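Working notes, beginning with the structure itself.
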Amino acid sequence: FAQERTPPVLDIVDNMEHEATTAHLVMEVAKKLNIDQYLKVHVADAYDYESSNFGKAPFDLVWLDGISTDERFPALFKDYFALVRDGGYAAVHSTLTNNLSKAWLTSVNAERDEEAR
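This note's numbering puts the sequence shown at residues 121 to 237.
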């Protein structure tokens with residue numbers, strides 16, 4: 121049987137509560153670039169996945185933006201990473217420039233290395 125292939129989708133989750141948010145412009149720009157079929161914007165709280173049900177797991181790509189300074193972030197990332205399909209990706213904002221994000225990523229890598237031993 122031939123499987124129907126659907127294009128991968130980036131599910132974008134933002135509660136739109138930050139006064140400087142630009143997330144609401146994403147779909148407008150995506151339409152102009154003719155890539156809107158690859159994006160889905162959900163106005164929701166990323167920490168409230170269970171009740172908001174903003175996306176269909178498994179995800180092709182999870183992008184966690186601007187929340188890596190929250191103490192709940194490590195658990196959130198593990199929860200989302202478990203929902204990424206085989207061959208999918210998980211990305212985190214500012215892992216190269218934000219000291220808290222870099223420390224978190226270093227701890228994740230150390231934990232992974234420890235599990236591999």
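Each residue gets a CB set at the ideal place from its N, CA and C atoms; glycine is no exception. Every value quoted in this text rests on a predicted model; they were computed, and no experiment measured them.
Do you know offhand how far residue 205's Cα is from residue 155's?
Our two residues, residue 205 and residue 155, have alpha carbons roughly 21 Å apart in a direct line.
Would DSSP call residue 225 helix, strand or coil?
Residue 225 falls in the helix class under three-state DSSP.
Please classify residue 86: does DSSP put it in a helix, a strand, or coil?
The structure shown has nothing for residue 86, since the chain only spans 121 to 237.
Please classify residue 153: is it buried, with 16 or more other beta-carbons within 10 angstroms of its beta-carbon, or exposed?
Exposed, since its Cβ has fewer than 16 Cβ neighbours within 10 Å.
Give me the Cα-Cα distance between residue 207 and residue 180, rounded to the nearest whole angstrom.
The alpha-carbon separation between residue 207 and residue 180 amounts to approximately 8 Å.
Return yes when the Cβ of residue 127 is within less than 8 Å of the Cβ of residue 158, no when it is not.
For residue 158 and residue 127, yes; Cβs fall inside 8 Å.
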